[in-house]
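Q:
Protein chains: 2
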Amino acid sequence: MEAIPCTIEKALNIIGNKWSFLVLKELYVDKRRFNELLRAINGISPNALTTTLKHLEKNNIVTRTVFPTVPVTVEYELTEKGIAFHKVLKEMKKWGAEWGDK
Amino acid sequence: MEAIPCTIEKALNIIGNKWSFLVLKELYVDKRRFNELLRAINGISPNALTTTLKHLEKNNIVTRTVFPTVPVTVEYELTEKGIAFHKVLKEMKKWGAEWGDK
DNA sequence: TTATATGGTTACAAATAGTAAGTTAATTAA
DNA sequence: TTAATTAACTTACTATTTGTAACCATATAA
Chain U
1 MEAIPCTIEK ALNIIGNKWS FLVLKELYVD KRRFNELLRA INGISPNALT TTLKHLEKNN
61 IVTRTVFPTV PVTVEYELTE KGIAFHKVLK EMKKWGAEWG DK
Chain A
1 MEAIPCTIEK ALNIIGNKWS FLVLKELYVD KRRFNELLRA INGISPNALT TTLKHLEKNN
61 IVTRTVFPTV PVTVEYELTE KGIAFHKVLK EMKKWGAEWG DK
């Protein structure tokens, strides 16, 4: 008996975890490189970022592009699906701003 | 050097975890008892529900009311802060419905 | 007498997440 | 010439979190 996940559950599984929200938040501003994300997201470790980005890539939320520079440059950018999630983050930001300290 | 959390991070910390979203989803319909939530939320265990509800109560997202029946009845209900979060869940649901299978 | 219901708790195992260091290869600084 | 730096990760290990299963008191119903 497999349980059919509800829409919310499905969305949460696609996004992954807490770090995903913060990665997405950065990518809404502009595409970013691995170490840019590492520096921008407070408290994230390299392996947490690797796992998060791989998960987001697998779920078509971000694309990963490698440029053969020396050293190599890797850029992460939102897909249409990823951009569409911005509405959720905007509401979350609004809620956090209004209720975050109450 | 303590890092100041961004608004999104703050919101995520207040909500807690994945289960919180699913508990809130149930409570938007109506107030619920512990075992009602346990049955309604697929895959949640008693201790996960306990932890989640305690966290939500601590953060003023839900209220906990005990009725001295036999056996005891405990009702969980959303606060104004909890109700306000509905906008976020609505957007998440919309996104999940549109992009969940792509 | 056995089962069911309430709202949890407890002990333990399993899974996940975080920490610190290392990797390859080239470039730059002393 | 040697050491440090940068890029984008990986690896090994530990710590924390999560999940599983059983249990608790009390009372009513079958």
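Chains as they are written, first to last, in the working numbering: chain U, 1 to 102; chain A, 1 to 102. C-beta atoms are modelled at their ideal positions from N, C-alpha and C, and glycine is treated no differently.
(1) Measuring CB to CB, does R39(A) end up less than 7 Å from Y76(A)?
(2) Can you list, in chain order, the residues of its chain with a C-beta nearer than 8 Å to that of F85(U)? Leave out the 5 residues immediately preceding and following it.
(3) Could you name the residues of the same chain whose beta carbon sits closer than 7 Å to that of E26(A), not counting the 5 residues immediately before and after it, in chain order?
(4) Please report the residue range of the alpha helix (DSSP H) in which T51(U) lies.
(5) Determine, using beta carbons only, whether E91(U) and V88(A) come nearer to each other than 7 Å.
(6) Along the region 23-53 of chain A, what residues have a CB closer than 8 Å to any CB found in chain U?
(7) Given this structure, state the Cα-to-Cα distance separating V66(A) from L78(A), to the nearest angstrom.
(8) Is there a Cβ from chain A that is less than 7 Å from the Cβ of W19(U)?
(9) How many Å lie between L22(U) and L56(A) at the Cα?
(10) Which residues mark the beginning and the end of the alpha helix (DSSP H) in which F21(U) is found?
(11) Which residues in the same chain have their Cβ closer than 7 Å to the Cβ of P71(A), if we skip the five residues on either side of it in sequence?
A: Reading it off the structure:
(1) Against the second sequence, residue 39(A) aligns to sequence position 39. Against the second sequence, residue 76(A) aligns to sequence position 76. Taking 7 Å as the Cβ cut-off, R39(A) and Y76(A) do not qualify as a contacting pair.
(2) One-based indexing of the first sequence puts residue 85(U) at position 85. Result list for F85(U): I15, L24 and I61, in chain order.
(3) Along the second sequence, read from residue 1 onward, the residue named residue 26(A) stands at position 26. Correct list, in chain order: R32, L37, A40 and I41.
(4) As a working note, residue 51(U) is residue 51 in the first sequence. P46 to K58 is the extent of the alpha helix (DSSP H) around T51(U).
(5) For this step, residue 91(U) is matched to residue 91 along the first sequence. For this step, residue 88(A) is matched to residue 88 along the second sequence. Result yes, Cβ atoms of E91(U) and V88(A) sit closer than 7 Å.
(6) K25, N42 and G43
(7) Position 66 of the second sequence, counted from the first residue, corresponds to residue 66(A). Position 78 of the second sequence, counted from the first residue, corresponds to residue 78(A). Cα to Cα, the separation comes out at about 15 Å.
(8) If you number the first sequence from 1, residue 19(U) lands on position 19. Not an interface residue.
(9) On the first sequence, residue 22(U) is found 22 positions in, with the first residue counted as 1. On the second sequence, residue 56(A) is found 56 positions in, with the first residue counted as 1. Rounded to whole angstroms, L22(U) to L56(A) spans 22 Å at the Cα level.
(10) To locate residue 21(U), count along the first sequence from 1; it is residue 21. That run of the alpha helix (DSSP H) goes K18 to V29.
(11) One-based indexing of the second sequence puts residue 71(A) at position 71. Result list for P71(A): empty, nothing under 7 Å.
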